[in-house]
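If you want the numbering used here, it's the 1-based position in the sequence shown plus 166.
C-beta: ideal position from N, C-alpha, C; glycine also.
Written out below as structure tokens is the structure these notes cover.
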Amino acid sequence: METSNAGYAAAGATIHDMGQDFHEGWLQYIIRHAPEKVWGMNADGSVDPIKVSPGGDFKNMDALVFDARHSLLPRAYRKSPDMGGHAWR
């Protein structure tokens, strides 16, 4: 493996020949750096499912996003058009 100028490991064609993503994704980043911001995260690292349905935790995706915006983001970022993206950096 090589290292790029940014310090990230660069994949060789033989290792990731199908173009797989091998860097940590945004969800894993939040789980690692701010587990308290992950709904349903248990102390043992397991996560309880969140159900989006008329009888579930949220009636629809709009309700889920509204609740996430108002319960997970700091107040200063809640009305930000980028959903508080800079709050995670």
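Please classify residue 215: is it buried, with 16 or more other beta-carbons within 10 angstroms of its beta-carbon, or exposed?
Looking at its Cβ environment, which holds fewer than 16 other Cβ atoms inside 10 Å, residue 215 is exposed.
Measure the CB-CB distance between residue 227 and residue 218 and report whether it falls below 8 angstroms.
Going by C-beta atoms, residue 227 is nearer than 8 angstroms to residue 218.
Just the C-alpha distance for residue 191 and residue 236, rounded to the nearest angstrom, thanks.
One C-alpha to the other measures close to 23 angstroms.
Check residue 188 in the structure and name its three-state DSSP category.
Reduced to three states, the DSSP call for residue 188 is coil.
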